[in-house]
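Below is one structure; the comments refer to it alone.
In this note's numbering, the protein residues as written are 2 to 84.
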């Protein structure tokens with residue numbers, strides 16, 4: 002994506018506004034996170050932005066993206082609100 006860049010923003014409010022939630026059990030601990038976002042620039046250009054939690058190595062990033070891809074393949078793209 003091109004154009005003037007704003008300073009990096011914390012993702013918590015953006016993800017909250019998009020309705021992103023995690024289904025965690027009591028006592029679960031999220032150790033790392035990778036956020037993949039579709040971004041539409043003010044000029045209409047569409048891009049993808051990937052951001053990691055602090056301390057996430059490239060290996061953790063690759064493992065999380067690969068695992069997420071496999072989960073989506075196995076679920077046959079059926080979302081939680083679909084039969």
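Glycine included, every Cβ here is placed at the ideal spot set by N, Cα and C.
Might you give, ordered along the chain, the residues of its own chain that have their beta carbon closer than 7 Å to the beta carbon of residue i, omitting 5 neighbours on each side?
i, result
"residue 66", "35"
"residue 15", "none"
Given a cut-off of 8 Å, decide if residue j and residue i are closer than it, judged by their beta-carbon atoms.
i, j, result
"residue 39", "residue 31", "no"
Within the continuous beta strand (DSSP E) that includes residue i, where are the two ends?
i, result
"residue 58", "No beta strand (DSSP E) holds residue 58; DSSP gives it neither H nor E."
"residue 76", "Counting along the chain, residue 76 falls outside any beta strand (DSSP E), and DSSP gives it neither H nor E."
"residue 38", "35-41"
Less than 6 Å between C-beta atoms, sequence neighbours within five positions excluded: which residues of the same chain meet that for residue i?
i, result
"residue 53", "35, 62"
Return the Cβ separation of residue i and residue j in integer angstroms, given the expectation that the two are a contact with Cβ distance under 8 Å.
i, j, result
"residue 57", "residue 18", "In fact, because the Cβ distance is near 23 Å, the residues do not count as touching under 8 Å."
"residue 37", "residue 51", "5 Å"
First and last residue of the alpha helix (DSSP H) that includes residue i?
i, result
"residue 6", "First-last for residue 6: undefined, no H or E at that position."
To which residues of the same chain is residue i closer than 8 Å at the C-beta, ignoring the five residues directly before and after it?
i, result
"residue 23", "31"
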